[in-house]
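Be aware that the sequence shown starts at 75, since it is given in our numbering, and climbs by one per residue.
Working notes, beginning with the structure itself.
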Amino acid sequence: MILNKFAFDDLHDTEPLLLDIETDLQQDRIWLVGTYSYQNDAYRQFFDPNDESGLLQELSEYLDNHGSEPIIYYGGNYFDEQCLSRRFEEHGIPEGIDHLERAHDLGITAQQELFGPFNRHKLDVVASALGFEYQDPTVDGFLVGSKYTRYLLDGEEPDWDQLKQYNNDDVTALKTIVDHIRS
């Protein structure tokens, strides 16, 4: 149940762009960004485990092409937005930072305005309560970050497809929540 429908105005009468990032455990390197555009009805992933600057430049150009859409992510703590801002700044991509002015952490709003059959407001919990199922429920953000960090430390290649699937699942889980709110 939505307690205050006006709290979700960013989702109504717009074509939001959904976003989810993956980082190393220290949260100082972005190597995968998943998106879903309502405008294009399309998923897209930006993946480069070795060139964060190139990945962020490509993401910034993509955000340029979706300049009027609110950017929606689900952290509950501004994680994606703060991490992207730091990394855009580190790599000298000021236009990337500018795009974040239209970013909105749906996790924060959900904590305040969604009431339902869930005991926590984490992305997976809320999406699961709405019927979403992860492809591999044994994979979580910590495991993904751990596998990438291990890759950075010792070069051990993880199953990239499994990690990309987890990211895609997170974007799809977010879409499940957004679709519920918009309906």
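Backbone N, C-alpha and C fix where the C-beta goes; we use that ideal spot for every residue, glycine too.
Open item on the list: Can you tell me where the beta strand (DSSP E) holding Glu96 begins and where it ends?
Closed with: Within the sequence shown, numbered from 1, the residue matching residue 96 stands at position 22. That run of the beta strand (DSSP E) goes 91 to 97.
Task: Those runs of the beta strand (DSSP E) which lie wholly inside the stretch 199 to 226 and span at least 3 residues - done: none
Open item on the list: Ignoring anything shorter than 3 residues, give me the beta strand (DSSP E) runs that lie fully in the stretch 110 to 146, in order along the chain.
Closed with: 116 to 121
Task: Beta-carbon contacts of Tyr136 that lie in its chain and below 8 Å, excluding the five residues immediately before and after - done: Walking along the sequence shown from the start, residue 136 turns up at place 62. Thr109, Arg118, Phe120.
- [ ] Grab the span of the alpha helix (DSSP H) containing His254 for me, first residue to last.
- [x] Here residue 254 corresponds to residue number 180 of the sequence shown, with the count starting at 1. Per DSSP, His254 belongs to the alpha helix (DSSP H) from 234 to 256.
TODO: Note the first and the last residue of the continuous alpha helix (DSSP H) segment covering His165.
DONE: Numbered from 1 along the sequence shown, position 91 holds the residue referred to as residue 165. That residue, His165, is in no alpha helix (DSSP H); it is neither H nor E in DSSP.
Task: Neighbourhood of Ile182 by C-beta, 7 Å cutoff - its chain only, sequence neighbours within 5 removed - done: The residue you call residue 182 lines up with position 108 of the sequence shown. Around Ile182: Gly150.
Open item on the list: Quick check: the Cα distance between Gly205 and Val218, rounded to an integer number of angstroms?
Closed with: On the sequence shown, position 131 is the one that residue 205 refers to. On the sequence shown, position 144 is the one that residue 218 refers to. For Gly205 and Val218, the distance between alpha carbons rounds to 23 Å.
Open item on the list: So, with DSSP's three-state summary, where would you put His173?
Closed with: As a first step, residue 173 must be located in the sequence shown, where it is residue number 99. Three-state DSSP puts His173 in a helix.
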